[in-house]
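A.B. asks:
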Amino acid sequence: MFRSTALLRSQTRQQLQDLCPRTAPKPTNNSIQDRNILQPKDIDGWEIRQGVTDLIGHDLVPEPKIIIVILNACRRVNDFALAVRILETMKDKCGSKENEIYPYIIQEIRPTLTQLGINTPEELGFDKPPTGFTICI
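In terms of this note's numbering, the sequence shown opens at residue 64 and continues consecutively.
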């Protein structure tokens, strides 16, 4: 009887450890791509925002091919503002390495931006304050 109870406890403990690992695996771009969050044809703007929010929550800058998938999803729902906002978010996500990473991302996604007719925030003038306003620091 003691053996069966100990065996049951060890099996239960193993099942709990399988369900609740102590260290969660770090997400990679491949695992994010494999989920195909933004691929369905009947996706709407809210689902795109939810997918991007989940993506931004990870401690990584998405690869250009993931950003291209997001921009195509924005075009599919015809949401130009969301596409520009996502580009702003990606620029912010680059952090202190913005001068190195962001130009590379723009260089890689430029053909898609041209094809979809999406302007970057810099082309729209969003990187400068509005005329007539002064920034007090």
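Note that the Cβ used here is the ideal one computed from N, Cα and C, for glycine as well.
When you compare the CB positions of PRO125 and LEU118, do they come within less than 7 Å of one another, or not?
C.D. replies: Residue 125 sits at position 62 when you count from the first residue of the sequence shown. Residue 118 sits at position 55 when you count from the first residue of the sequence shown. In this structure, LEU118 lies closer than 7 Å to PRO125 by Cβ.
A.B. asks: Quick one, are the C-beta atoms of PRO184 and VAL147 less than 7 Å apart?
C.D. replies: Position 121 of the sequence shown, counted from the start, is the residue given in the question as residue 184. Position 84 of the sequence shown, counted from the start, is the residue given in the question as residue 147. Closer than 7 Å, so yes.
A.B. asks: Is DSSP giving ASP122 helix, strand or coil here?
C.D. replies: For the purposes of this step, residue 122 is taken as the residue at position 59 of the sequence shown. Coil at ASP122, not helix or strand.
A.B. asks: Pull up the CB-CB distance for THR175 and ILE133, whole angstroms please, since I reckon it's below 8 Å.
C.D. replies: By 1-based counting over the sequence shown, the position of residue 175 is 112. By 1-based counting over the sequence shown, the position of residue 133 is 70. That belief does not hold up - the Cβ atoms of THR175 and ILE133 are roughly 10 Å apart, past 8 Å.
A.B. asks: Taking only runs that begin and end inside the segment 136–167, name each unbroken alpha helix (DSSP H) of 4 or more residues, in chain order.
C.D. replies: With a minimum length of 4 residues, the continuous alpha helix (DSSP H) runs that stay inside the segment 136–167 are 143–156.
A.B. asks: Is the CB-CB distance between ILE106 and ALA136 below 7 Å?
C.D. replies: Mapped onto the sequence shown, residue 106 falls at position 43. Mapped onto the sequence shown, residue 136 falls at position 73. Yes, these two residues count as a Cβ contact at 7 Å.
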